[in-house]
Amino acid sequence: MARVTIPLRHVPGPGALANAARRRTRGANPQPRTPHTTLFRQIRAAWRLLLTVIHLLAGCATVAFRFPRWNAQQRLDAKRRWSRELLGRLGVRLDIHGDIVSGGTLVVANHISWLDIFVINALRPCAFVCKDDVKSWPLIGWLVANTDTIFIERGNRAAARRTADAMVARLQSGAAMVVFPEGTTTNGTHMLPFRPALLQSAVDAGVPVSPVSIRYRDAKQAISPAPAYDGDISLWQCMRAITLAEGLVAEAHALAAVDSQSERQHLAAHAKHEIAVQLGIPHHTPPHVQG
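No gaps in the numbering here: position 81 of the sequence shown is 81 in the UniProt record's numbering, and each next residue is one more.
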């Protein structure tokens, strides 16, 4: 129990002391953390980080030396297996529902963390569209850059056209491409507007749009802030928060795919609506789109 220091200039009566005691009792943790439990968490976090670094290095070696000799299906299978194992190394339990449709499809998801990439890969191995600065991330950036990722160069119209053409070609070849239409991450308690331009490739390629909702829960089933790569937090700080978390669960729902014959604005509104409904986040009713 916390020690209470009473200033000499003011000595409360018995009633005030009783009220203070009751307040402390109500706010007390029934299982307070001891130095031993804190030390255990720190050791466990360090162990998880070590396993993660080893797993990342092994992934780099696999991509560099084995991917060139594997066929497309072998690479996809390895990507899914490796992504699931990465989550396990970090102490994250996977809770997935549904399946992303087979064949070419544009997967759109809300964006919370760098972990989102591997959560979606655990559902179905995909190629991603990412911001160019992801390349600078240690190990992860190299892996992402060498596993079919298409990077967006901001402020370069010619590069944007090349990116769009590359996405259409991949989709028409039967691949699943992933975009995060919010354009940045949130803490998971709300969603930002979906940018319709990122869905134009599905319209041009004539493939369905597949919404996927993502959230991270703690041991008490509440939204966990640990994986949120939001604000000024660094990648290292985010990884450490994840490894320190207890009972962290990554929950993903593959929602019903939507035909891309509608305009991209309607597709973006519909995808955001479906994801928001699944996550229980306030939303507006979207215009009707053809299912």
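Ideal Cβ positions, reconstructed from N, Cα and C, are used throughout, including at glycine.
These numbers were taken from a predicted model, which means no experiment stands behind them.
Assuming contact is defined by CB atoms lying nearer than 8 Å, are residue i and residue j in contact in what I supplied?
i, j, result
"G103", "H253", "no"
"K272", "M191", "yes"
"S210", "Q278", "no"
"V101", "A257", "yes"
"I112", "G188", "yes"
"R89", "T52", "yes"
"R264", "Q172", "no"
"I233", "N110", "no"
"A202", "L106", "yes"
Leaving out the 5 sequence neighbours to the left and right, which residues in its chain are closer than 6 Å to residue i when beta-carbon positions are compared?
i, result
"V92", "L248, A250"
"G174", "G103, G104"
"K135", "G141, A145"
"G59", "W82, L143"
"E246", "A219"
"D116", "I214"
Tell me which same chain residues have a C-beta within less than 7 Å of the C-beta of residue i, skipping the five on either side of it?
i, result
"Q31", "Interpretation of Q31 is limited by its pLDDT of 49, a score under 50 that renders its predicted location unreliable; the figure taken from the coordinates is listed afterwards. None."
"R26", "The predicted position of R26 is uncertain, since its pLDDT is 41 and thus under 50; a value taken from the coordinates is nonetheless stated next. Closer than 7 Å at Cβ, skipping near neighbours: no residue."
Given residue i, which residues of its chain have a CB within under 8 Å of its CB, disregarding the five upstream and five downstream residues?
i, result
"K79", "N121, P125, T147"
"I150", "A127, F128, V129, C130, T163, A166, M167, R170, M177"
"R154", "K131, D132"
"A21", "Interpretation of A21 is limited by its pLDDT of 40, a score under 50 that renders its predicted location unreliable; the figure taken from the coordinates is listed afterwards. Here the set comprises nothing."
Under the DSSP definition of a beta bridge, which residues are partnered with residue i?
i, result
"V207", "According to DSSP, which records beta bridges pairwise, V207 is partnered with nothing at all."
"A252", "I96, I214"
"I223", "R217"
Where do the ends of the alpha helix (DSSP H) carrying residue i lie?
i, result
"L76", "72-89"
"F151", "Looking at the DSSP string, F151 is not in any alpha helix (DSSP H); the run it does join, the beta strand (DSSP E), is 150-152."
"K272", "264-279"
"T231", "The displayed chain sequence assigns Gly, not Thr, to residue 231. Run containing G231: none; DSSP gives neither H nor E here."
"T185", "It is not in any alpha helix (DSSP H) - T185 carries neither H nor E in the DSSP assignment."
"V144", "140-145"
By the DSSP assignment, the beta strand (DSSP E) with residue i in it spans what residues?
i, result
"residue 294", "Shown here, the chain extends from 1 to 291; a query on residue 294 therefore has no answer."
"L106", "105-109"
"C130", "127-131"
"A256", "That residue, A256, is in no beta strand (DSSP E); it is neither H nor E in DSSP."
"A176", "176-179"
### Task
Mind the definition here: the stretch 57-68 touches the stretch 220-228 only if three or more C-beta pairs lie below 8 Å; say whether that holds.
no
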